[in-house]
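Each residue of the sequence shown is one higher than the one before, starting from 5 at the first, in this note's numbering. Every residue, glycine too, gets a C-beta built ideally from N, C-alpha and C.
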Amino acid sequence: MEKEAAILMAASFGLALLIGTLAARSIGRPVLQLVDSTQRLSQGELGHRIDLDRRDEIGQLATSFNEMARSLKASYEGLEQQVEQKTADLKDALDQVSRISELKSRFVSDVSHELKTPLTSIQGYAETLLRLRDKISEAQQLDCARTIGEESGRLTRLIDNLLDLSHIEAGTMRLERGPLSLVEVAQETVHALQIQAFEKQIVLSLSTPETLPPILGDRDAIRRVLDNLVHNAIKYTSPEGRVSVTLECMATHVKTSVFDTGVGISPENLERIFDRFFWIKTPGVQASGTGLGLSIVRSIVEELGGEVSATSQPGKGSVFCFTLPAQPLQDMVRGPQKTHTRRG
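Structure follows, in structure tokens:
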């Protein structure tokens with residue numbers, strides 16, 4: 005009996021050991037896999053997954069672990085994309101700051117040159133008239149006086165642009181919104197620049213419809229817009245070319261177009277033509293600038309509720325257009341009223 009009991013006890017112990025071993029393998033290995041996977045995940049292996057085909061609690065734990073790993077990987081990839089985008093945006097911003105800084109430096113140099121050149125010319129011709137008025141012909145005296153007038157106009161335009169820029173930068177540009185005749189403003193502009201066009205043997209013309217509604221705007225500001233556009237058209241048009249200004253009514257707006265048969269603008273420059281401080285040095289054209297005129301044109305037109313655009317064919321010419329709101333019919337019946345807009 006004792007022998008049988010010992011055998012039974014040994015068999016029971018062996019069976020228990022076998023069951024324990026099988027249970028350890030069934031539970032211990034998956035647990036070790038979970039521990040190993042957790043360590044690998046903590047080390048950044050977000051693509052690692054646990055491969056367990058089980059229906060019990062350990063299988064559920066493995067499934068939860070895999071879902072957590074997928075979620076972490078997706079979040080990490082999303083963060084990576086955001087960081088890349090923010091880095092690219094920051095680089096673009098830094099490039100833009102660098103470009104603006106470079107443009108402003110060039111602008112200061114150009115403005116100094118633009119101020120000095122007409123002043124030097126005015127001083128030189130004025131001294132010539134004072135010292136040599138009895139020794140030069142009347143035609144030469146008239147030529148000196150004409151040059152002084154032209155350089156004075158150039159200086160005035162530059163000063164006006166600088167004043168406009170200071171108001172735009174400070175957000176204090178104040179414009180009226182009263183009804184006015186765009187035809188009259190265009191006639192004044194064309195008349196004032198006819199001499200400049202004539203001296204370059206350029207035909208400058210104005211075309212207007214029989215009837216055109218008043219626009220809502222600031223007379224002086226719109227005059228500066230037209231002066232800039234027509235002056236540029238003449239400057240970049242060769243002798244015997246043409247510059248024409250046309251006005252037309254377009255439902256609720258009045259459109260002004262300035263056509264020229266000048267040198268034209270390349271597509272890459274046309275995209276930036278209204279940017280502040282952007283100026284194109286054109287081969288064969290004796291002209292300088294500060295890159296302010298067209299940016300001020302855009303600021304004024306947009307401030308008055310209009311739009312500005314440009315099209316061009318290199319070697320054939322350009323067209324600069326802007327629209328301004330027409331005075332509504334009911335306002336025309338009630339009579340003129342003036343309002344102001346202030347930027348800033």
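For residue i, tell me which candidate among the options has the shortest Cα-Cα distance.
| i | options | result |
| --- | --- | --- |
| T250 | G266, V229, T212 | T212 |
| L162 | L136, G295, L328 | G295 |
| T121 | I54, H171, Q85, T151 | T151 |
| G153 | Q89, P183, S125, M254 | S125 |
| E131 | P218, C148, V258, G175 | C148 |
| F326 | F281, A196, L186 | L186 |
| H235 | S299, A255, R158 | R158 |
| V194 | A314, V229, T176 | V229 |
| G309 | P218, A201, R181 | R181 |
| K320 | I269, V312, I284 | I269 |
| D224 | V189, A255, R246, V323 | V189 |
| F281 | E244, G221, L169, P271 | L169 |
| L197 | D231, T215, P217 | D231 |
| E203 | K259, P243, S75, K108 | P243 |
Please classify residue i as buried or exposed, where buried requires at least 16 neighbouring CB atoms within 10 angstroms.
| i | result |
| --- | --- |
| L179 | buried |
| Q331 | buried |
| K239 | buried |
| A174 | exposed |
| Y129 | buried |
| G48 | exposed |
| M72 | exposed |
| E307 | buried |
| D264 | buried |
| A27 | Residue placement at A27 is poorly supported in this model, since its pLDDT is 49, which falls under 50; the coordinates still yield a value, given next. Exposed, because fewer than 16 other Cβ atoms sit within 10 Å of the Cβ of A27. |
Write down the C-beta distance between residue i and residue j rounded to the nearest angstrom, noting that I regard them as a contact closer than 8 Å.
| i | j | result |
| --- | --- | --- |
| L233 | V207 | Going by Cβ atoms, the distance from L233 to V207 rounds to 17 Å, so no, they are not a contact pair. |
| V305 | L328 | 7 Å |
| G266 | N165 | No, G266 and N165 are not in contact; Cβ-Cβ is about 21 Å, not under 8 Å. |
| F278 | R246 | Actually they do not touch by this definition, with Cβ atoms about 24 Å apart. |
| L167 | P218 | L167 to P218, Cβ: 27 Å. No contact. |
Let's see if you can read the secondary structure: which residues bound the alpha helix (DSSP H) around residue i?
| i | result |
| --- | --- |
| G153 | 142–174 |
| D224 | 223–239 |
| H52 | Per DSSP, H52 belongs to no alpha helix (DSSP H) and is neither H nor E. |
| L296 | Counting along the chain, L296 falls outside any alpha helix (DSSP H), and DSSP gives it neither H nor E. |
| L251 | Element bounds for L251: not the alpha helix (DSSP H) but the beta strand (DSSP E), 246–254. |
| P271 | 271–274 |
Name the DSSP beta bridge partners of residue i, please?
| i | result |
| --- | --- |
| E311 | T327 |
| H257 | M254, P329 |
| L220 | P183 |
| D264 | V247, S322 |
| Q317 | G321 |
Just curious, the beta strand (DSSP E) that residue i is in, first and last residue?
| i | result |
| --- | --- |
| P183 | 182–184 |
| L210 | 207–211 |
Contact criterion: CB-CB distance below 7 Å. Does residue i meet it with respect to chain C?
| i | result |
| --- | --- |
| A201 | This model lacks chain C altogether; it includes just one protein chain. |
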